[in-house]
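Trainee: Counting from 17, one number per residue, gives the positions in the sequence shown under the numbering used here.
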Amino acid sequence: MQHPTKTPLSDALRRLVGRPVADIDTPALVVDLDAIQRNLGRMAEFARKHNIRWRPHAKMHKSSAIARLQIQAGAVGVCVQKTSEAEAMVAGGVHNVYISNEVTAPAKLARVADLAHAVAAENGQLAIAVDSLEGVRRLADAMNERRRGGAGAVIDVFVEVDVGGGRCGVTPGRAGVQLAHEIRRHPALRFAGLQAYNGKAQHLRTAQERHDAVGIVVQDVLFTRKLIEAEGVPVNLVTGAGTGSLVCEAASGVFGELQAGSFLFMDADYAANERDPAQPQFEHALFIKSQVMSCGVRHAVCDAGHKSHAIDSGLPRVLELPATGALEYFNGGDEHGILRPAGDNQRVPALDDVVWLIPGHCDPTVNLHGFMIGVGGGLEHGKVEKIIRVDARGALT
Ligand SMILES: Cc1ncc(COP(=O)(O)O)c(C=O)c1O
């Protein structure tokens with residue numbers, strides 16, 4: 017199995033455990049462990065209420081330790097997008113993994129087949145998405161090659177339907193029927209159901225827009241499912257949904273599994289969505305701790321630029337604290353952030369002031385860091401409880 021290079025845990029980081037938050041050097045990726053637990057509890061309760069399972073996306077946190085926390089809280093396993101992310105999860109002891117994405121390169125499929133066998137040996141299960149006949153055949157070839165000489169594992173295979181995202185997936189309708197039949201021809205593959213994820217729906221700002229978009233998703237799924245079942249093939253599970261739309265999929269009566277991932281950390285972009293009243297009140301749990309290193313008359317400069325956080329979904333927001341008041345963050349380049357007082361606040365931050373940035377987009381922000389520093393007892397007065405390795409950092413293959 018291939019693994020991304022592991023960043024060694026430095027002595028400095030090791031010594032941080034048990035120390036006050038004030039001792040965390042900046043810039044640093046910090047997670048609020050209490051907020052994570054609250055978000056997990058809210059998700060578990062939501063899923064219970066809707067009688068739906070959740071297999072959260074680990075592409076977001078890229079950490080097998082966090083995946084294990086999610087499973088402890090009731091998740092059935094995790095989703096990943098990449099073979100190497102799946103390898104990192106399995107190496108970290110997570111044995112129910114769904115690669116919710118197409119993998120078509122034969123060299124990668126050989127690794128997928130290895131993983132299917134590795135998790136089966138632990139009573140786990142690997143799953144994968146497909147959207148082409150050629151993809152199904154290549155997957156079957158890789159599984160058969162790995163099985164040669166004895167009984168072997170079976171991989172769960174979901175047919176992805178393009179339900180409006182315009183990315184991967186077959187057009188709703190007969191193409192799904194053909195793929196389901198092809199999957200069932202291969203003893204090492206098991207037709208597991210349909211994947212229906214619309215990424216474009218997640219950040220539609222109003223709840224009504226997201227409901228309308230998922231309304232179309234549900235029609236596409238029902239249409240495809242009906243055609244498949246008309247041929248005597250049961251569609252046992254429909255899986256999908258992100259943090260923006262999960263209330264709609266959960267209420268649809270069609271989805272059996274939620275894949276939302278970002279709810280755990282809640283980035284600034286998701287917080288800008290109008291919250292559907294039915295959606296649990298997820299809170300921010302991922303921050304960049306940063307410190308003021310230079311002061312002007314009307315602005316201050318902090319030590320976190322876009323090498324510390326991704327800016328593809330907008331600049332970070334600054335957590336408002338009594339010590340600093342409301343601040344706005346402006347782009348200062350790779351290593352700097354420009355801070356200006358916002359709203360009624362008149363005070364320019366002073367040298368050494370600490371600011372907590374809420375990243376615009378959690379997934380690519382986490383991928384910039386080798387570790388997350390886990391804090392308990394709050395950001396201002398808490399302590400470092402653990403260092404969490406981002407074990408799938410840079411896992412792109
Ligand atoms: C296939 C799939 N499922 C689920 C998700 C989770 O979405 P989010 O992290 O926005 O909740 C994503 C995110 O891009 C995805 O690509």
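Here a beta-carbon is modelled for each residue, glycine too, at the ideal position from N, C-alpha and C.
A quick note: this is a predicted structure, and the numbers were derived from the prediction, not measured.
Quickly, what does DSSP pair I115 with across the bridge? List them, please.
Mentor: Sequence index remark: in the sequence shown, residue 115 carries index 99 (1-based). Beta-bridge pairing links I115 to V96 and I144.
Trainee: Is it true that the CB of G108 sits closer than 8 angstroms to the CB of A81?
Mentor: Along the sequence shown, read from residue 1 onward, the residue named residue 81 stands at position 65. Along the sequence shown, read from residue 1 onward, the residue named residue 108 stands at position 92. Yes. Within cutoff.
Trainee: Does the beta-carbon of H77 have 16 or more other beta-carbons within 10 angstroms, so that it is buried, or is it exposed?
Mentor: To locate residue 77, count along the sequence shown from 1; it is residue 61. Under the 10 Å beta carbon count, H77 is surrounded by 16 or more other beta carbons and is classified as buried.
Trainee: If you follow the alpha helix (DSSP H) that T240 is part of, which residue opens it and which one closes it?
Mentor: Residue mapping note: residue 240 aligns to position 224 of the sequence shown, counting from 1. Annotation for T240: the continuous alpha helix (DSSP H) segment containing it runs A223 to E245.
Trainee: Assuming contact is defined by CB atoms lying nearer than 8 angstroms, are A212 and A229 in contact in what I supplied?
Mentor: Here residue 212 refers to the residue found at position 196 when the sequence shown is read from its first residue. Here residue 229 refers to the residue found at position 213 when the sequence shown is read from its first residue. Contact flag unset, no.
Trainee: Going by DSSP in three states, V270 sits in which element: helix, strand or coil?
Mentor: If you number the sequence shown from 1, residue 270 lands on position 254. Correct three-state label for V270: coil.
Trainee: By how many angstroms is the C-alpha of H322 removed from the C-alpha of H300?
Mentor: Locating residue 300 in the sequence shown gives position 284, where the first residue counts as 1. Locating residue 322 in the sequence shown gives position 306, where the first residue counts as 1. Distance between the alpha carbons of H300 and H322 is about 19 angstroms.
Trainee: From N289 to V135, what distance separates their C-alpha atoms?
Mentor: As a first step, residue 289 is located in the sequence shown; it is residue number 273 there, counting from the start. As a first step, residue 135 is located in the sequence shown; it is residue number 119 there, counting from the start. Computed Cα separation, rounded: 38 angstroms.
Trainee: To the nearest whole angstrom, what separates the beta carbons of V96 and K75, a pair I think is in contact under 8 angstroms?
Mentor: Against the sequence shown, residue 96 aligns to sequence position 80. Against the sequence shown, residue 75 aligns to sequence position 59. Going by Cβ atoms, the distance from V96 to K75 rounds to 6 angstroms, so yes, they are a contact pair.
Trainee: Report yes if the C-beta of A134 is less than 7 angstroms from at least one heavy atom of ligand 1; otherwise report no.
Mentor: Within the sequence shown, residue 134 is the residue found at index 118, counting from 1. Outside the cutoff, so no.
Trainee: Measure the beta-carbon distance from L243 to V193 and round it to whole angstroms, keeping in mind my assumption that it falls under 8 angstroms.
Mentor: Residue 243 sits at position 227 when you count from the first residue of the sequence shown. Residue 193 sits at position 177 when you count from the first residue of the sequence shown. Their Cβ separation, rounded to whole angstroms, is 5 angstroms, which keeps L243 and V193 in contact under 8 angstroms.
Trainee: Would the C-beta of S79 count as close to ligand 1, meaning under 7 angstroms from any of its heavy atoms?
Mentor: The sequence position of residue 79 within the sequence shown is 63, counting from 1. No, Cβ of S79 sits at least 7 angstroms from all heavy atoms of ligand 1.
Trainee: Out of D157, K402 and T413, state which residue places its alpha-carbon closest to the alpha-carbon of R31.
Mentor: As a working mapping, residue 31 is identified with position 15 in the sequence shown. That would be K402, whose Cα lies nearest to the Cα of R31.
Trainee: Looking only at its own chain, which residues have a Cβ that is under 8 angstroms from the Cβ of A267, when we skip the five neighbours before and after it?
Mentor: By one-based count along the sequence shown, residue 267 stands at place 251. So the qualifying residues of the chain are H66 and A294.
Trainee: Mind checking which residues open and close the alpha helix (DSSP H) that includes V152?
Mentor: As a position in the sequence shown, residue 152 is number 136, starting the count at 1. That run of the alpha helix (DSSP H) goes L149 to R163.
Trainee: Looking only at C-alpha atoms, which of H325, R127 and G398 sits nearest to C378?
Mentor: Locating residue 378 in the sequence shown gives position 362, counting from the first residue. It is H325.
Trainee: Once DSSP output is grouped into helix, strand and coil, what is the label at V382?
Mentor: Taking the first residue of the sequence shown as position 1, residue 382 is located at position 366. In the structure shown, V382 sits in a helix (DSSP, three-state: H, G or I).
Trainee: Any beta carbon of chain C sitting closer than 8 angstroms to that of L29?
Mentor: Among the chains of the structure shown, chain C does not appear; only one protein chain is present.
Trainee: Per DSSP, E344 is paired with what?
Mentor: One-based indexing of the sequence shown puts residue 344 at position 328. E344 is bridged by DSSP to R356.
Trainee: Over what stretch of residues does the alpha helix (DSSP H) that includes A129 continue unbroken?
Mentor: Position 113 of the sequence shown, counted from the first residue, corresponds to residue 129. That run of the alpha helix (DSSP H) goes P122 to A136.
Trainee: Let's test the definition: count the other Cβ atoms within 10 Å of the Cβ of H385 and tell me whether it reaches 16, buried, or not, exposed.
Mentor: The count along the sequence shown starts at 1 and reaches residue 385 at position 369. So H385 counts as buried.
Trainee: So what's C184 in DSSP terms, helix, strand or just coil?
Mentor: Indexing the sequence shown from 1 puts residue 184 at position 168. Three-state result, C184: coil.
Trainee: What three-state label does DSSP hand D172 in the structure shown?
Mentor: Within the sequence shown, residue 172 is the residue found at index 156, counting from 1. Three-state DSSP puts D172 in a strand.
Trainee: Give me the DSSP bridge partner(s) of C264.
Mentor: Looking up residue 264 in the sequence shown gives position 248. None, per the DSSP bridge assignment.
Trainee: Would the C-beta of S278 count as close to ligand 1, meaning under 7 angstroms from any of its heavy atoms?
Mentor: For the purposes of this step, residue 278 is identified with residue 262 of the sequence shown, where counting begins at 1. For ligand 1, at least one heavy atom lies less than 7 angstroms from the Cβ of S278.
Trainee: Use the C-beta contact count for G189: other C-beta atoms within 10 angstroms, 16 or more gives buried, fewer gives exposed.
Mentor: Position 173 of the sequence shown holds residue 189. Exposed, because fewer than 16 other Cβ atoms sit within 10 Å of the Cβ of G189.
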